[in-house]
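For the sequence shown, counting from 1, position 164 maps to 147 in this note's numbering; every step adds exactly one. We put the beta carbon where it would ideally sit given N, CA and C, even for glycine. Comments concern the structure below.
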Amino acid sequence: MNRVFPKLAIAGISVAAFGGLWATVSTTDSSSRNAPSLFTSEAHAAEKATIIPAPRINASEKGKRAVAIFAGGCFWGVEGVFEHTKGVISAASGYHGGSKRSATYKLVSAGLTNHAEAVRVVYDPSVVSYGQLMQVFFSVVADPTTLNAQGPDRGKHYRSALIPTNNAQAKAARAYLAQLSKGKYWKRPIVTKIEAYKAFYPAETYHQDFMQKNPRQGYIVRWDKPKVANLKRHFPKQYRAKPVT
């Protein structure tokens, strides 16, 4: 876990002005993040969405099953958004970019490996295309302009990346990043990279479906549930209320 801006359970509560509660952030180990959070008000929690155009070049994928991998900071929120996206068959949190031996949360979160926290998305291309998944990803999930950082989290393992699993996806990913860079939809330049697919290692069981299992956990309330709310608001045709598991 990053020792400066950890992905954390919220430890302390202080009453402040400005009409709300503010949580004091403490560094914790991975197990303590699963404790119920006292700070569950969503009134303050809102990440801005940046709604961008759909890709001009999409991946041509046939059949009823395709796989893509996305790295966008904390895998809880990435997984949670895609679990609420129509056409997604499953979404699994895990690690990409390093070895099997070091693919553990303890090592990855300490920054001791080359992994990125990532989500493996299995989807039906006849319902949702790779291009639509990329559009959702950059609109409501990940900020492509922050290097090795997302939200409160810092470290290379929180980098944003597109990880295509076939040539069609790779072509579409390259074209879309070029399209977005040219469009200048963000004030800062895009730093998201395309990473060559290596092995994907599923994360520990307690990380899977984390948002579904822990809807009132502090980090989920503050950083991840707003992403799902933005999906529902800005992509109503792609949103489904009941998430896949």
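Neighbourhood of residue i by C-beta, 7 angstroms cutoff - its chain only, sequence neighbours within 5 removed
{"i": "Asp173", "result": "For the sequence presented, residue 173 should be read as Ile rather than Asp. Excluding positions up to five away in sequence, the list reads Pro127, Thr128, Leu160, Leu163 and Ser164."}
{"i": "Lys277", "result": "An answer regarding residue 277 cannot be provided, because it is not within the stretch -16 to 228 covered by the chain."}
{"i": "Ala132", "result": "Tyr141"}
{"i": "Pro38", "result": "Gly114, Met117, Gln118, Ala155, Ala158, Tyr159 and Gln162"}
{"i": "Ala186", "result": "Phe58, Ser76, Gly77, Tyr78 and Tyr88"}
{"i": "Pro226", "result": "Glu66, His67 and Gln195"}
{"i": "Thr148", "result": "Val50, Ala51, Ile52 and Tyr180"}
{"i": "Thr23", "result": "Note on Thr23: pLDDT 36, under 50, position unreliable in the model; no value is reported."}
{"i": "Leu130", "result": "Val174"}
Contacting residues, own chain, Cβ-Cβ under 6 angstroms from residue i (five flanking each side not counted)
{"i": "Glu271", "result": "Any property of residue 271 remains undetermined from this structure, which presents the chain solely from -16 to 228."}
{"i": "Tyr78", "result": "Ala86, Val91, His98 and Tyr184"}
{"i": "Arg171", "result": "Thr128"}
{"i": "Thr228", "result": "Asp192"}
{"i": "Lys176", "result": "Ala144"}
Cross-strand partners of residue i (DSSP beta bridge)
{"i": "Arg103", "result": "Ile52 and Ala75"}
{"i": "Gln133", "result": "Asp136"}
{"i": "Ser143", "result": "Gly55"}
{"i": "Phe183", "result": "His79"}
{"i": "Thr68", "result": "Tyr222"}
{"i": "Lys176", "result": "Ala144"}
Sub-7 angstroms separation of residue i and residue j beta-carbons
{"i": "Ala49", "j": "Tyr106", "result": "yes"}
{"i": "Val211", "j": "Val64", "result": "yes"}
{"i": "Tyr168", "j": "Thr33", "result": "yes"}
{"i": "Ile35", "j": "Ser122", "result": "yes"}
{"i": "Glu66", "j": "Ala74", "result": "yes"}
{"i": "Asp136", "j": "Gly60", "result": "no"}
{"i": "Val102", "j": "Glu44", "result": "no"}
{"i": "Ser76", "j": "Gln195", "result": "no"}
{"i": "Ala158", "j": "Ile40", "result": "yes"}
Cβ-Cβ separation, residue j to residue i (assumed contact under 8 angstroms), whole Å
{"i": "Ser112", "j": "Ala42", "result": "7 angstroms"}
{"i": "Ile52", "j": "Ile146", "result": "4 angstroms"}
{"i": "Gly201", "j": "Gly138", "result": "Actually they are not in contact, since the Cβ atoms of Gly201 and Gly138 sit about 20 angstroms apart, beyond 8 angstroms."}
{"i": "Phe218", "j": "Val124", "result": "Wrong, their Cβ atoms sit about 11 angstroms apart, outside the cutoff."}
{"i": "Gly229", "j": "Ala155", "result": "In the structure displayed, the chain extends from -16 to 228; residue 229 sits before or after that span and is not available."}
Buried versus exposed, by CB contacts within 10 Å (16 or more), residue i
{"i": "Asn197", "result": "buried"}
{"i": "Lys208", "result": "buried"}
{"i": "Thr96", "result": "buried"}
{"i": "Ala224", "result": "exposed"}
{"i": "Gly46", "result": "exposed"}
{"i": "Ser20", "result": "Any reading at Ser20 must be qualified, since the residue scores a pLDDT of 38, below 50, and its modelled position is unreliable; the value itself is stated next. Under this definition Ser20 is a buried residue."}
{"i": "Thr188", "result": "exposed"}
{"i": "Gly166", "result": "exposed"}
Sequence-distant residues of its chain with Cβ nearer than 8 angstroms to residue i (five each side left out)
{"i": "Ala151", "result": "Ala42, Ser43, Glu44 and Tyr113"}
{"i": "Leu214", "result": "Val64, His67, Thr68, Val119, Val123, Gln221 and Tyr222"}
Closer than 7 angstroms to chain B by CB, residue i
{"i": "Asn213", "result": "Among the chains of the structure shown, chain B does not appear; only one protein chain is present."}
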